[in-house]
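Colleague:
Protein chains: 2
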Amino acid sequence: MAEPISPELSKLIHSGSLKKSPMKSQFETFCMQVQAEFCRALEEMEAKYSDEVDESKVARFKVDRWLRPEGGGGITCILQEGSVYEKAGVNISVVHGQLPPAAVAQMRSRGKNLPSNQSLPFFAAGVSSVIHPVNPNIPTIHFNYRYFEVEVPADPKNPEGKAEVQWWFGGGVDMTPYILHEEDCRAFHQLLKKACDRHDSSYYSKFKKWCDEYFYVKHREESRGIGGLFFDDLDQPSPAKVFNFVQDCAHTLVPSYIPVVDRRARVGYDYNDRQWQLLRRGRYVEFNLIYDRGTKFGLMTPGARYESILMSLPLTARWEYQHQPPPNTKESALVDILKNPKEWV
Amino acid sequence: MAEPISPELSKLIHSGSLKKSPMKSQFETFCMQVQAEFCRALEEMEAKYSDEVDESKVARFKVDRWLRPEGGGGITCILQEGSVYEKAGVNISVVHGQLPPAAVAQMRSRGKNLPSNQSLPFFAAGVSSVIHPVNPNIPTIHFNYRYFEVEVPADPKNPEGKAEVQWWFGGGVDMTPYILHEEDCRAFHQLLKKACDRHDSSYYSKFKKWCDEYFYVKHREESRGIGGLFFDDLDQPSPAKVFNFVQDCAHTLVPSYIPVVDRRARVGYDYNDRQWQLLRRGRYVEFNLIYDRGTKFGLMTPGARYESILMSLPLTARWEYQHQPPPNTKESALVDILKNPKEWV
Chain A
152 MAEPISPELS KLIHSGSLKK SPMKSQFETF CMQVQAEFCR ALEEMEAKYS
202 DEVDESKVAR FKVDRWLRPE GGGGITCILQ EGSVYEKAGV NISVVHGQLP
252 PAAVAQMRSR GKNLPSNQSL PFFAAGVSSV IHPVNPNIPT IHFNYRYFEV
302 EVPADPKNPE GKAEVQWWFG GGVDMTPYIL HEEDCRAFHQ LLKKACDRHD
352 SSYYSKFKKW CDEYFYVKHR EESRGIGGLF FDDLDQPSPA KVFNFVQDCA
402 HTLVPSYIPV VDRRARVGYD YNDRQWQLLR RGRYVEFNLI YDRGTKFGLM
452 TPGARYESIL MSLPLTARWE YQHQPPPNTK ESALVDILKN PKEWV
Chain B
152 MAEPISPELS KLIHSGSLKK SPMKSQFETF CMQVQAEFCR ALEEMEAKYS
202 DEVDESKVAR FKVDRWLRPE GGGGITCILQ EGSVYEKAGV NISVVHGQLP
252 PAAVAQMRSR GKNLPSNQSL PFFAAGVSSV IHPVNPNIPT IHFNYRYFEV
302 EVPADPKNPE GKAEVQWWFG GGVDMTPYIL HEEDCRAFHQ LLKKACDRHD
352 SSYYSKFKKW CDEYFYVKHR EESRGIGGLF FDDLDQPSPA KVFNFVQDCA
402 HTLVPSYIPV VDRRARVGYD YNDRQWQLLR RGRYVEFNLI YDRGTKFGLM
452 TPGARYESIL MSLPLTARWE YQHQPPPNTK ESALVDILKN PKEWV
């Protein structure tokens, strides 16, 4: 695990007083743990299936720490052109500062009770990842878990009003297969449902639907992939309980993805499979650059670290005019599912 | 030249009465001529430099006619995986119908004097093209010329008010080199300046600057390419005079681009040049999907023909995390120019 972004966190971790510390510190630690665990698990697969005879040449994650001039920073771990992963990125960021009025307005528009026309102090921490494997039999996976705090000052016109901190969690995970293995999709959704059901029996169906709606390429009228979970603004029943849920979700990452990598890393594929994968990656780029709120919001932020934001883009992508997979092929079967999201559990 | 989109146009062309016909018909004819001439000139280069021994196998444009259910249609000409062009698209569209209030509001916001909160009948015709060549010594070229009419009904509250038709032209052309040949950039801008100067001595510097500002990848703080011309809302001094200017601009396309293709088609390049080209194509995708108004506006339109809109995307593109060309290389020299647009004339 890397050194934390926030200097005070080192002390908390080493003194063993983390559990009693503020959620900000607990969540930053969680992000670092998720990053470290997921990177380690991915690297094990790379080592297992690497074409390199010389062990020292096996592709590994490069760790890139960066600071945000306005406050905070992040750690981007990236592995490119491995034997298993064409491009794999796992990023954490822990930022704080003033949320500009335009960003506050955007939050108000989705229902947050925040005062208008003023900047507000904020804290945001998150871990996110996109893994684009070499073998088209292994799906791309994406996840993101984040925690947000906004300080709302006391209303001077209201003598009983007090300053308050609004907090919420968001996140999700979704898979994008190229060559569909239904067994992998079912296992993935089953693990997600199990994690959800431990906390609220309504979560899985609600967040699965939200995911299908969110990762939708409108102009093509098809989903980006086979979905997963997506949620935002989760601020009930309590910080500790939501955090527990988020941790449970994150703990499904290794058991839901790594066995898929392990199972499919040596499955054969041909030139056509690779071309199809590149075309589907073009669709992935379309979603991320046209629709994804995180990408858009990120790039519009002055001083944004665009390299970490655009780490989600594949190493290579392809666009052919009016490409249509022939009917009754495995490619057309995938498109059918993308056009009509199905229930996997 | 293909059959026109508008049925009444065939008659006008064959009866020889086109010059006296409405601008709508004249402009549609112009679009078709530009498409036909440019495609023919591009195909000549493909034939000259094709690797195919069998002439019948030389890549040619495929012509794809499409109708828009809401009114009008278009003709998309596309050539993929040729010897000279990796992907070349030349598209015309001629559409009419009702402009929804949201689109009217967008036009009002950029200064158009149009009534709010109502749909307005409109007509729009345009020709646009993006050519992505195989050889990184040949730049990508993009152009677009368009004509717009909006019918504004008489204001019932104003007894002197009359119904009117608002019209304007827009367009431009720009080049995106991979391996920079300054001679090509200078010749390109010189031809553009000459075309502009014949009409208004202020046009070239004004429209060159507009182009530099428009084709700007904000998050990377660099231009998409070496610019050219860009203008919009041109509605003075008269339809005939602006149309003359637009025609003059369009007539520089073949003489400014085809000699570059001819000069560079056999220039050698290596693996690194190709990788650099793919990375720059990634930037091209970023501009088109994140910033380009035409693409965004197009994709948000219900029933949009996204295949024709996305024809501008390259066949292949590449994203590497934090790629930086080494200093004092031809790649870094290009980036310098993209970060500091220069005067070529």
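In order, the protein sequences belong to chains A and B. Residues in the first sequence are numbered consecutively from 152, following the working numbering. Residues in the second sequence are numbered consecutively from 152, following the working numbering. Even for Gly, the Cβ is constructed at its ideal location relative to N, Cα and C.
For A:Glu232, is the classification buried or exposed, using 16 other Cβ atoms within 10 angstroms of its Cβ as the cut-off for buried?
Modeller: Exposed, by the Cβ-count rule.
Colleague: Could you compute how far the alpha carbon of B:Val405 sits from the alpha carbon of A:Ile226?
Modeller: Computed Cα separation, rounded: 49 Å.
Colleague: Taking the alpha-carbon of B:Tyr408 as reference, which of B:Asp348, B:Phe212 and B:Glu194 has the nearest alpha-carbon?
Modeller: Ranking B:Asp348, B:Phe212 and B:Glu194 by Cα distance to B:Tyr408 puts B:Glu194 first.
Colleague: Do you know how far the Cα of A:Gln426 is from the Cα of A:Leu230?
Modeller: In a straight line, the C-alpha of A:Leu230 is about 22 Å away from that of A:Gln426.
Colleague: Let's test the definition: count the other Cβ atoms within 10 Å of the Cβ of A:Tyr422 and tell me whether it reaches 16, buried, or not, exposed.
Modeller: Result: exposed.
Colleague: Where do the N-terminal and C-terminal ends of the alpha helix (DSSP H) with A:Asn423 fall, by residue?
Modeller: Unbroken alpha helix (DSSP H) run through A:Asn423: Tyr422 to Glu437.
Colleague: Hey, how far is the Cα of A:Arg371 from the Cα of A:Tyr472?
Modeller: Those two C-alpha atoms are separated by around 13 Å.
Colleague: If you check the beta carbons only, do B:Phe320 and B:Asp399 fall under 9 Å apart?
Modeller: Taking 9 Å as the Cβ cut-off, B:Phe320 and B:Asp399 do not qualify as a contacting pair.
Colleague: Beta carbons nearer than 9 Å to chain C: which residues of the region 300–326 of chain A have them?
Modeller: This model lacks chain C altogether; the protein chains it does include are A and B.
Colleague: List the residues of chain B whose Cβ lies closer than 7 Å to the Cβ of A:Ile441, in chain order.
Modeller: In chain order: Leu440 and Leu450.
Colleague: Looking at the structure shown, is B:Gln341 part of a helix, part of a strand, or coil, going by DSSP?
Modeller: Helix, per DSSP.
Colleague: Output the boundary residues of the beta strand (DSSP E) element that contains A:Phe320.
Modeller: Unbroken beta strand (DSSP E) run through A:Phe320: Glu315 to Thr327.
Colleague: Got a sec, what are the start and stop residues for the beta strand (DSSP E) B:Lys112 sits in?
Modeller: Since the first and last residues shown for chain B are 152 and 496, residue 112 of chain B lies out of range.
Colleague: Count the CB pairs spanning the region 270–277 of chain B and the region 293–302 of chain B that are closer than 8 Å, and state whether there are at least three.
Modeller: Result yes; three or more Cβ-Cβ pairs closer than 8 Å.
Colleague: For B:Met183, tell me which candidate among B:Asp487, B:Tyr420, B:Arg216 and B:Asp205 has the shortest Cα-Cα distance.
Modeller: Out of B:Asp487, B:Tyr420, B:Arg216 and B:Asp205, B:Arg216 has the C-alpha closest to the C-alpha of B:Met183.
Colleague: For A:Tyr420, which of A:Asp383, A:Lys345, A:Ser260 and A:Asn286 has the nearest alpha-carbon?
Modeller: Taking only the C-alpha atoms, the option nearest A:Tyr420 is A:Asn286.
Colleague: May I ask which residues mark the beginning and end of the beta strand (DSSP E) holding A:Gln177?
Modeller: Looking at the DSSP string, A:Gln177 is not in any beta strand (DSSP E); the run it does join, the alpha helix (DSSP H), is Met174 to Tyr200.
Colleague: DSSP on A:Pro272, reduced to helix/strand/coil?
Modeller: In the structure shown, A:Pro272 sits in a strand (DSSP, three-state: E or B).
Colleague: Per DSSP, what are the beta-bridge partners of A:Trp217 in this structure?
Modeller: Note: A:Trp217 sits in a beta bridge opposite A:Gly225.
Colleague: Assign B:Lys313 to buried or exposed, taking buried as 16 or more other Cβ atoms, counted over all protein chains shown, within 10 Å of its Cβ.
Modeller: Exposed, since its Cβ has fewer than 16 Cβ neighbours within 10 Å.
Colleague: Shortest alpha-carbon distance to A:Cys336 belongs to which of A:Val209, A:Thr446, A:Ala239 and A:Val412?
Modeller: The candidate whose alpha carbon is nearest that of A:Cys336 is A:Val412.
Colleague: List the residues of chain A that B:Glu458 touches, going by C-beta distances under 8 Å, in chain order.
Modeller: Tyr472 and Gln473, listed in chain order.
Colleague: Here's a check: name, in chain order, each residue in its chain whose Cβ is nearer than 6 Å to the Cβ of A:Val241, leaving out the five neighbours to either side.
Modeller: So the list reads Gln186, Phe189, Cys190, Cys228 and Ser280, once near-sequence residues are dropped.
Colleague: Based on DSSP bridge pairs, tell me the residues matched to B:Arg469.
Modeller: Its beta-bridge partners are A:Thr467.
Colleague: Name, going along the chain, the residues of the region 214–244 of chain A whose beta-carbon falls closer than 8 Å to a beta-carbon of chain B.
Modeller: Listed by position, the residues of the region 214–244 of chain A near chain B (Cβ gap below 8 Å) are Asp215, Thr227, Ile229, Gln231, Lys238 and Gly240.
Colleague: Give every residue of the same chain whose Cβ lies closer than 6 Å to the Cβ of A:Arg431, excluding the five residues on either side of it in the sequence, and list them in chain order.
Modeller: Tyr329, listed in sequence order.
Colleague: Between the beta-carbon of B:Phe448 and the beta-carbon of B:Ala198, is there less than 9 Å?
Modeller: No.
Colleague: Under the three-state reduction of DSSP, which class applies to B:Asp383: helix, strand or coil?
Modeller: Reduced to three states, the DSSP call for B:Asp383 is strand.
Colleague: Using 9 Å as the limit for Cβ to Cβ distance, is A:Glu437 near chain B?
Modeller: By this cut-off, A:Glu437 is an interface position.
Colleague: Of the choices A:Ile377, A:Ser267, A:Ala346 and A:Ala256, whose alpha-carbon is the least far from that of A:Ile488?
Modeller: It is A:Ile377.
Colleague: Select from B:Pro290, B:Ile164, B:Lys162 and B:Gln257 the residue whose C-alpha is nearest the C-alpha of B:Asp424.
Modeller: Closest option to B:Asp424, Cα to Cα, is B:Pro290.
Colleague: At least one CB of chain B closer than 9 Å to the CB of A:Thr291: is that the case?
Modeller: It does not: the Cβ of A:Thr291 has no partner Cβ on chain B nearer than 9 Å.
Colleague: Under 8 Å between beta-carbons, which chain A residues line up against B:Arg371? List them in chain order, please.
Modeller: Going along chain A in sequence order, the residues near B:Arg371 (Cβ under 8 Å) are Tyr457.
Colleague: What residues from chain A crowd round B:Leu461, counting only those whose CB sits closer than 7 Å?
Modeller: Result: Trp470.
Colleague: Quick one: what's got a C-beta closer than 7 Å to A:Phe366's C-beta in the same chain, skipping five residues either side?
Modeller: The residues are Asp325, Ser374, Arg375, Gly376, Gly378 and Phe438.
Colleague: Please list the segments of the alpha helix (DSSP H) lying wholly inside the region 226–294 of chain B, counting only runs of 4 or more residues, in order along the chain.
Modeller: Those alpha helix (DSSP H) runs which fall completely within the region 226–294 of chain B and span 4+ residues are 252–260.
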